[in-house]
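The sequence shown begins at 413 in the working numbering and counts up one residue at a time.
We put the beta carbon where it would ideally sit given N, CA and C, even for glycine.
The structure appears below as C-alpha cells.
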Amino acid sequence: MNEIELLAPAGEITCVYAAVQNGADSVYLGLKDFGARGYAENFDERSLHEVVDYCHMRGVKVYITLNTIISDSEMNAALENARNAVNAGVDAIIIQDIGLLGQVRKCFPDMPLHISTQATVTNFQGMALAAELGAVRGVVARELSYDEIKSICAKSKSETEIFVHGAQCYAYSGQCLMSSIYGGRSGNRGKCAGPCRLPYILLNADEEIVDRGYLLSPVDMCLGTEMDKVKDSGAACLKIEGRMKGADYVAATCNIYKKALDEDRPVTESELNVLQNAFSRGGFTAGLFEGKTNRINKSKSNDNAYMGQNEQMLETLRPTFHKESNIRKRSVSLDFTAKAGKAASLVLSCGGETFESISGECVQKAQSAPLTKEHIHKQLIKMGEYPFYVDKINIDADDDIFMPVSAINSMRREVAEGLSKKLTEPYHRNYAAVRAEKITVSKKQGIRFFTAKTETVEQALALAGKDEIKEIYIPQKLIEKNNLKEKFVPFFHAAIREKRIEYYTNRLKTLKNLKINKIAASDWGIIRMAKAEGFEIIGSSDLNVFNSYAVREWQNYGISRIILSPEMSLRQIECIKSEIPLEVMAYGRVQLMKTANCPLFGFGQCGKNRNDWVLKDRKGEKIGIICDCEDCMAYLLNSKPIYMADRLSEIPPAIGINLAFTTESPQECLEIVDKYMHEAEPVPAEYTRGHFYKGVL
C-alpha cells in the first residue's frame, strides 16, 4: 500500500507550525483573496514565501486554495495571486472555477492542479473529467460512503483526496446558495455567513410542528475510529477541515491522526476525548462514510463549540505552535574528511541534495593533544536551530591532527545553511507578471429566447403548447415514463453519487435509443458520459459558471449552451463573452441547498417524494423542500421567487430567459409565462430580484 498523505488546514501562521510539528505531510492555506475561507486570517505574499520555505525545509508540502468562483473583472487579480503562489514554490493549487483552472494551466504549465470539493465531484466519471481538464487530484464530496470512495479510487487514474475530520456542511459543497440569497455573502466566493447554523422549525403538510432546533447543523465528522476502512479505500490523501480554527485544533488532529496512520490502528477513546476537547460541534459522526445519514446537532448552535474540558490534554501540544519549535526534523548524513596538510571537508546530505564546506586553513599535525574522532563527532552532530538530525556520520581523519573547534563549528553551520537553501530553492520559480487571455467573439449575438424548467409532468405538459417556450427541461426520469419528446429536454441534477452511476449510464443509453439527443446537466460525470455518447449538452446553473473563461472551457469540452450562475449581477452578465447561447434564471425560487441530509428523514417520509413540507426560519420565512427519494436527495427552495418580467429589457437581449417552476400549479405556470411575454408588473405578493442588481460578495 502506498503511503497515505495527511493534509492539515492552516488559516494563519501558528497553525502552520502546529501542523508541521505534529506530523502533517502537507498543509493547505489561502491568500487574502479568492479562497473558500475568506474570513480566515490567511497569508500575504511575504508570509507565504516564509511559510513555503519553512515547510519544504521539513519535507512538508504546501497547497494554495484559489477555490472560489471568479468574475471576468477579477481574473487578472486571481492570476496574480496564482503567480505569487507559484513563484513562492507551492506544490499545488486547489481550484473550483473551471475558467480559472484553464488560465492557470496555460500560464503556469508546470504547476500541479487539484479540483476542489466545491466542484461537487461525486463519481469516478467526474474525477476522469477533472483529469482531462488537467487536474492531478480531485477532492471528492464529503457525502460519499466508504464503498463509493473505494470504487472511485479503484477506477481513477488521478489521486483522490477525502475529508476525514472536521465540520460538515448540510449541503453538498458548491451546491449551497443559502448565505448568498439570505445575506449576499456567497459561499462559492468564500464569504459564507453560516445561516445553516441558525434554528429552524420543520412543518408538515398540515403546518404542524414536526421538529425544531438547529435542523441544518450536522455534528462534526470524525473517521478516526474507521481508520482501517479509510486506509483500505485507496485514498491518496486524508484531509482535515478547519482553516477557521485555531492551533489547538490543528495540533491535536494532526498529532492523533498521524499516530493512528503510522501505528496502523484506529483512534483510541482517550484520543477521541482530546479531539472533542480541541473542537467539537455536538460530538462526532461517521454517518455518511458508513452509508448512513448524518447526525444533526439539533439542540446546540454554532456557539461555544470548544468543549473546554481537560485543558491539560492540549497543554502539552502548545509548545509546537511556534517557529522555534524543532520537533520535526529531517534525517541527514555527514561525511567529514581531515588529513594533515590539506583542507578539511564536510559534506551534508539530505533528500538527494548535498552541500560541501572546505576549511579555510589546512589541517595541522598535532603538537600536543590531538583532535579525536569522538570530539569531532560531538561537534558535528549539534544541528542547533536547523531542522536536521544526523542519522549517519562518517569521519575520515588522521589520528594525529589538530584544527580549531571553532573551524569545525563554522563548517557545520555553513553546510547546514547551504543545504537548507538547496532544499528550498528548487521550488522557487520566477514567472513574470501574467494577464488573462483576451477572449474575442466571432459569432454575432443571437436573439432572445425562452426556456422553462419544470419539476412535474403536469407543469411540462401545460407549457408544451406555448410556442414562445423554446425548450422545457424536465427531470430525466419523467421522459420515458410519459413518452415526452420534441421540445422536452431531460435534466440531470448535480451530485450524482458513485453508487448511482451505473443506473445513469443505462439512462443515457435508453434516451439515446429513444432518439433523444440533447440533455441538460451539471454533474461532471454525466457531462463526460453524455459527451462520449454523442449528446448535445446544456450546462445547468449548478455548474456555477461565473465568467467568460468558464464558458469557453465548457464550450471547448463540448457544451453547446449554458445557464449562468444565479449569483451573477446584470453588470457581470453584460461582461460575458460567449460564442454559445447563454441563459439566466429570470423567474423561480432559487435552490438554496442540494443535500443528502433530508430534513424529513426519521419522520416516516422516506420514499414518498414529498414537496409539501417546509422549514420555517427565525423570521417566519418558509423554505420549501422537494424530496427526490430515488436519489436520496433533498432540495431547499427560497421562500420568494425571482421576478423579472417587468425588467426584461435590462437583461442583455442575446441572453435566454429561463423560467424555473418548482411548486407552482400548471395554471400558475401558464399565467407566469404570459406575464413574461407581456413584460407585466410583478404579480406575486412577495418576490425578489435575486442578485441581478446587488450581486454578491
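Got a sec, what are the start and stop residues for the beta strand (DSSP E) residue i sits in?
i, result
"D1040", "K1034 to D1040"
"A778", "That residue, A778, is in no beta strand (DSSP E); it is neither H nor E in DSSP."
"C666", "Not the beta strand (DSSP E): C666 falls in the alpha helix (DSSP H), residues A659 to D674."
"F767", "E765 to C774"
"K387", "With the chain represented from 413 up to 1109, any question about residue 387 goes unanswered, as that position is not in the structure."
"E1029", "Rather than Glu, the amino acid found at residue 1029 in this sequence is Asp. Taken as a continuous stretch (DSSP letters only), D1029 belongs to no beta strand (DSSP E), as it is neither H nor E."
"V744", "R742 to A750"
"L1048", "M1045 to L1049"
What would DSSP say about residue i, mapped onto helix, strand or coil?
i, result
"C427", "helix"
"Y1105", "coil"
"L513", "helix"
"N1070", "strand"
"G654", "coil"
"S854", "coil"
"V439", "strand"
"R449", "coil"
"L734", "Residue identity differs from the one stated: residue 734 is His in this sequence, not Leu. H734 falls in the coil class under three-state DSSP."
"G538", "helix"
"Y1099", "coil"
"A648", "coil"
"H905", "coil"
"I992", "coil"
"H526", "strand"
"A998", "strand"
"S972", "strand"
"V533", "coil"
"L1012", "coil"
In its own chain, which residues sit with a C-beta less than 6 Å from the C-beta of residue i, not counting the 5 before and 5 after it?
i, result
"I807", "F748, K785 and I788"
"P607", "M590, S591 and Y594"
"K651", "L419, E573 and F575"
"T665", "H577 and I652"
"I1067", "L994 and V996"
"N600", "I481 and N956"
"E415", "none"
"N714", "With a pLDDT of 47 at N714, under the threshold of 50, the predicted position of this residue should be treated as unreliable, though the coordinate-derived value follows. Excluding residues within five positions, the ones whose Cβ falls inside 6 Å are R609."
"D660", "A690 and L726"
So, at 7 Å on beta carbons, what are the nonlocal neighbours of residue i in its own chain, with the 5 sequence-adjacent residues on each side left out?
i, result
"Y1113", "This structure does not reach residue 1113, given that the chain is present from 413 up to 1109, and the question cannot be answered."
"R470", "V432, R740, R742 and P799"
"L1123", "Here the chain comprises residues numbered 413 to 1109, so residue 1123 is not present and cannot be evaluated."
"T962", "The amino acid occupying residue 962 in the given sequence is Ala; Thr does not appear at that position. D509, I510 and G511."
"V642", "V576, L635 and L650"
"Y718", "Reliability of the predicted coordinates at Y718 is poor, the pLDDT of 47 falling under 50, and the value obtained from them is presented with this limitation in mind. Excluding positions up to five away in sequence, the list reads F691."
"A906", "T532, Q587, S934, D935, D954 and K1006"
"K924", "E945"
Whose C-beta lies closer than 8 Å to the C-beta of residue i among residues of the same chain, with five residues either side of it excluded?
i, result
"P978", "L589, S953, V996, M997, V1002, I1054, G1102 and H1103"
"E702", "S557, Y558 and E638"
"V622", "L614, L615, N616, F1015 and W1025"
"R847", "N488 and L491"
"E986", "P1064"
"I1035", "Y612, L1004, V1026, L1027, K1028, D1029, L1048, L1049, N1050 and S1051"
Under 9 Å, do residue i and residue j count as touching if we go by C-beta distance?
i, j, result
"S585", "A543", "no"
"C634", "F696", "yes"
"K989", "I859", "no"
"V1072", "G1000", "A small correction: the amino acid at residue 1072 is Ala; Val does not occupy that position in the sequence shown. Yes, the Cβ-Cβ distance between A1072 and G1000 is below 9 Å."
"A876", "E898", "yes"
"L1048", "T1075", "no"
"K567", "M523", "no"
"G937", "L687", "no"
"S745", "L760", "yes"
"N1021", "E1042", "yes"
"N499", "L443", "no"
"P1011", "A1057", "no"
"S629", "G694", "yes"
Just checking residue i against the ligand ADP - is the residue's beta carbon closer than 8 Å to any of the ligand's heavy atoms?
i, result
"A448", "Questions concerning the ligand ADP fall outside what the structure shown contains, since it holds no ligand whatsoever."
Name the two residues that bound the continuous alpha helix (DSSP H) containing residue i.
i, result
"S692", "Premise fails: S692 is in no alpha helix (DSSP H) and is neither H nor E."
"I788", "K785 to L792"
"V759", "Element bounds for V759: not the alpha helix (DSSP H) but the beta strand (DSSP E), A755 to C762."
"E986", "L982 to C987"
"L1082", "P1078 to M1089"
**Request:** Taking only runs that begin and end inside the region 552-638, name each unbroken beta strand (DSSP E) of 3 or more residues, in chain order.
**Result:** 571-578, 612-615, 621-625 and 632-634
**Item:** alpha helix (DSSP H) runs wholly inside the region 862-888, at least 4 long, in chain order
**Value:** 869-876
**Asked** Which runs of the alpha helix (DSSP H) spanning at least 4 residues fall entirely within the region 797-845, listed in chain order?
**Response** The qualifying runs are 817-836.
**Prompt:** Which ranges would you report for the beta strand (DSSP E) in the region 474-522 if only whole runs of at least 3 residues count?
**Reply:** 504-507
**Asked** What are the start and end residues of each continuous alpha helix (DSSP H) run of 4 or more residues lying completely inside the region 922-956, in chain order?
**Response** 936-944
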